[in-house]
Structures are given as structure tokens and as C-alpha cells.
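Visitor:
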Amino acid sequence: MAKKKKDCENTCFMCKHIIPAWKELINANREIIKLKKGDQFIQEGTPAEGIYFVQEGVIKVHKHWGDKESIVRFAKKGNIVGHRGLSSSQTLFPISATALENSEVCFIPIDFFKTILKGNPDFTYEMLLFYADELQISEQKTSNQVQLSVKGRLAWSILQLEQKMGIEGDGYINITLSKTDIAAYIGSTYETIYRMMKELENEQIIETSNKSIKITDREKLRQIL
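Numbering-wise, the UniProt record's numbering puts 74 at position 74 of the sequence shown, and it's gapless, one number per residue.
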């Protein structure tokens with residue numbers, strides 16, 4: 001990983017909502033970290049020293065339950081990462097974060113980020129809504145573990161990924177995921193996900209190509225929930 005100064009593109013979640021006069025100050029306090037695919041820039045259990053905003057690429061946020069990995073969420077360009085380490089006092093990251101492809105993230109030191117929140121009420125309000133949305137999705141995922149079959153959880157996750165990551169011109173969801181990552185995201189095994197994906201393809205509900213997924217029958221996919 002390499003750090004360097006770089007002018008802000010002003011396209012991330014933070015820069016969209018801060019007072020314009022703060023942008024020069026943010027540029028003076030930020031760092032850009034260049035990541036290669038597979039680089040881990042947040043490690044679970046380490047001090048939460050800052051907040052990250054994705055400039056380029058895709059990030060997975062994950063944690064371990066025993067010897068198994070659980071993927072909490074995915075972040076694309078403009079999204080925030082590391083906010084789970086934000087608290088009223090110095091704390092530890094409860095999650096890890098790893099680049100799924102070559103990426104760049106903007107690092108903001110934690111104390112300066114808190115100063116930004118105090119001086120930008122519109123941004124603080126948007127952060128409040130963001131946390132509320134994150135909580136709802138987290139609660140839904142927990143409920144799905146009890147109420148839905150693996151196939152139902154897979155259908156819900158595909159719909160969520162499409163909404164979160166967007167789609168490319170050919171209709172494929174704008175993220176490439178291995179079946180291992182999909183299994184870690186919905187709480188299942190590689191073998192089960194492989195079988196469920198095949199069933200959805202045979203039923204002509206989805207198509208797959210090079211670890212990418214396209215929804216071909218959205219109504220049937222929703223009926224599985």
C-alpha cells in the first residue's frame with residue numbers, strides 16, 4: 001500500500017454534503033492510499049485511527065466468526081468505510097476491510113473527522129440517516145437467517161447487490177464476486193451456493209459470466225423471498 005497527497009475529486013459521500021469552505025482544509029489533512037487486489041487496509045481488532053472513503057474500486061467489509069469469514073457489506077466509489085470504528089473514545093475496529101480489485105481510498109484521521117462532523121450539520125444529518133439505513137439492512141440480514149431458506153437469502157442478496165452496486169451497460173451487477181465471497185455474505189457454504197446459483201440459472205432467473213451476475217427475471221427472484 002502506498003500513501004500520497006492528491007487533490008480531491010469531491011465525489012465521495014463526505015464531499016457531497018460538507019460546506020464548500022471545508023474542502024481546502026480536508027485536502028490538507030487527507031491521504032490517498034493505493035491498494036492492489038487483496039490488500040487489507042483495516043484489520044479487525046486494531047485501533048480505529050481514521051475513516052476511509054472509496055475513490056476507485058470495490059471494497060469488502062468483513063469479520064471472522066471463529067474460523068469462518070462473514071462479509072458485512074461492500075463499498076464502491078464514493079462510499080464510506082471504517083465508520084464502525086467511530087465512537088466517543090478511541091476504540092478498535094470491529095471489522096476488516098479488503099480491496100476486491102485495484103482500488104484507491106481516501107483516509108481521514110479520526111479526530112479531524114469528528115471536527116468535520118461538528119462543523120458540518122448537513123453532513124452529520126446525512127451520516128445519521130446512513131447509520132439508520134445500515135442498521136435496517138443489518139437487522140434484515142439477521143432476520144433472513146431465521147426466516148429464509150438459503151435460496152431465499154441468495155435471492156435477497158442479489159437484489160441488494162444490484163441496488164447497492166448498480167448495473168453495467170450489459171445489465172450485469174457492477175461487482176465480481178467468487179462463490180466463496182457470496183457464501184460469506186449470506187452465511188452459507190461454497191457447495192450450497194454453487195448448487196443454488198445453478199438452480200437460479202436453470203430456472204432462467206439469473207445469468208452469470210466471469211463471476212458477474214445479471215438478473216433476467218426480477219419478479220421470479222422476488223417470489224423466492
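Backbone N, C-alpha and C fix where the C-beta goes; we use that ideal spot for every residue, glycine too. Just so you know, these numbers come straight off a predicted model, no measurement behind them.
On the CB-based measure, 16 or more other CB atoms within 10 Å of its CB, does Asp181 come out buried or exposed?
Guide: The sequence position of residue 181 within the sequence shown is 181, counting from 1. Buried, by the Cβ-count rule.
Visitor: To the nearest angstrom, report how far apart Tyr141 and Tyr190 are at their CA atoms.
Guide: Taking the sequence shown and counting its residues from 1, one reaches residue 141 at position 141. Taking the sequence shown and counting its residues from 1, one reaches residue 190 at position 190. Here residue 141 is Lys; the residue named in the question, Tyr, does not match the sequence. Cα-Cα distance, rounded: 19 Å.
Visitor: For Arg153 versus Ile186, is the C-beta distance shorter than 7 Å?
Guide: Locating residue 153 in the sequence shown gives position 153, where the first residue counts as 1. Locating residue 186 in the sequence shown gives position 186, where the first residue counts as 1. Yes. Within cutoff.
Visitor: On a CA-only basis, which of Pro20, Asp122, Ile108, Glu203 is nearest Ile33? Give me that one, please.
Guide: As a first step, residue 33 is located in the sequence shown; it is residue number 33 there, counting from the start. Out of Pro20, Asp122, Ile108, Glu203, Ile108 has the C-alpha closest to the C-alpha of Ile33.
Visitor: CA-CA distance, Asn102 and Asp39?
Guide: The residue labelled residue 102 in the question sits at position 102 within the sequence shown. The residue labelled residue 39 in the question sits at position 39 within the sequence shown. Approximately 9 Å between the Cα atoms of the pair.
Visitor: Give me the Cα-Cα distance between Met127 and Pro47, rounded to the nearest whole angstrom.
Guide: For the purposes of this step, residue 127 is identified with residue 127 of the sequence shown, where counting begins at 1. For the purposes of this step, residue 47 is identified with residue 47 of the sequence shown, where counting begins at 1. Straight-line Cα distance between these residues: approximately 21 Å.
Visitor: Where does the unbroken beta strand (DSSP E) through Tyr52 begin, and where does it stop?
Guide: Position 52 of the sequence shown, counted from the first residue, corresponds to residue 52. Counting along the chain, the beta strand (DSSP E) containing Tyr52 begins and ends at 50-56.
Visitor: Using the three-state DSSP reduction, which class does Leu86 fall into: helix, strand or coil?
Guide: Translated into the one-based positions of the sequence shown, residue 86 becomes position 86. DSSP places Leu86 in coil when its eight states are reduced to three.
Visitor: Taking just the CA atoms, how far does Gly50 sit from Phe113?
Guide: In the sequence shown, counting from the first residue as 1, residue 113 sits at position 113. In the sequence shown, counting from the first residue as 1, residue 50 sits at position 50. Roughly 8 Å separates the two Cα atoms.
Visitor: Within the same chain, show all residues whose beta-carbon is closer than 6 Å to that of Thr176, passing over the 5 residues directly before and after it, in chain order.
Guide: In the sequence shown, the residue the question calls residue 176 occupies position 176. Closer than 6 Å at Cβ, skipping near neighbours: Lys211, Ser212.
Visitor: Under the rule that 16 or more other beta-carbon atoms within 10 Å means buried, what is Gly57, buried or exposed?
Guide: Counted from its first residue, the sequence shown places residue 57 at position 57. So Gly57 ends up on the buried side.
Visitor: CA-CA distance, Glu31 and Asp217?
Guide: For the purposes of this step, residue 31 is identified with residue 31 of the sequence shown, where counting begins at 1. For the purposes of this step, residue 217 is identified with residue 217 of the sequence shown, where counting begins at 1. Each residue's alpha carbon lies about 43 Å from the other.
Visitor: Take Lys220 and list the residues in its own chain whose beta-carbon comes closer than 6 Å to its own, dropping the five residues that flank it on each side.
Guide: Here residue 220 corresponds to residue number 220 of the sequence shown, with the count starting at 1. Only Ile205 meet the Cβ criterion.
Visitor: Quick one: Cα of His64 to Cα of Ile71, how far?
Guide: Position 64 of the sequence shown holds residue 64. Position 71 of the sequence shown holds residue 71. Distance between the alpha carbons of His64 and Ile71 is about 9 Å.
Visitor: Starting from Arg73, follow the beta strand (DSSP E) in both directions and report where the run begins and ends.
Guide: By 1-based counting over the sequence shown, the position of residue 73 is 73. Arg73 -> beta strand (DSSP E) spans 68-75.
Visitor: Reducing DSSP to helix, strand and coil, say where Phe41 ends up.
Guide: Translated into the one-based positions of the sequence shown, residue 41 becomes position 41. Residue state, collapsed to three classes: strand.
Visitor: For Thr180, which residues does DSSP report across the bridge?
Guide: Indexing the sequence shown from 1 puts residue 180 at position 180. BP columns for Thr180 are empty, so no partner.
Visitor: Is it right to say Arg84 is buried, meaning 16 or more other beta carbons lie within 10 angstroms of its own, or is it exposed?
Guide: Numbered from its first residue, the sequence shown carries residue 84 at position 84. Buried, by the Cβ-count rule.
Visitor: Does the beta-carbon of Val146 have 16 or more other beta-carbons within 10 angstroms, so that it is buried, or is it exposed?
Guide: On the sequence shown, residue 146 is found 146 positions in, with the first residue counted as 1. Per the 10 Å Cβ criterion, exposed.
Visitor: Exposed or buried, Ser178, counting other C-beta atoms within 10 Å across all chains shown (16 or more means buried)?
Guide: Residue numbering aside, residue 178 sits at position 178 when the sequence shown is read from its first letter. Exposed, since its Cβ has fewer than 16 Cβ neighbours within 10 Å.
Visitor: Does DSSP put Ser138 in a helix, in a strand, or in coil?
Guide: By 1-based counting over the sequence shown, the position of residue 138 is 138. DSSP, reduced to helix, strand and coil, places Ser138 within a helical segment of the structure shown.
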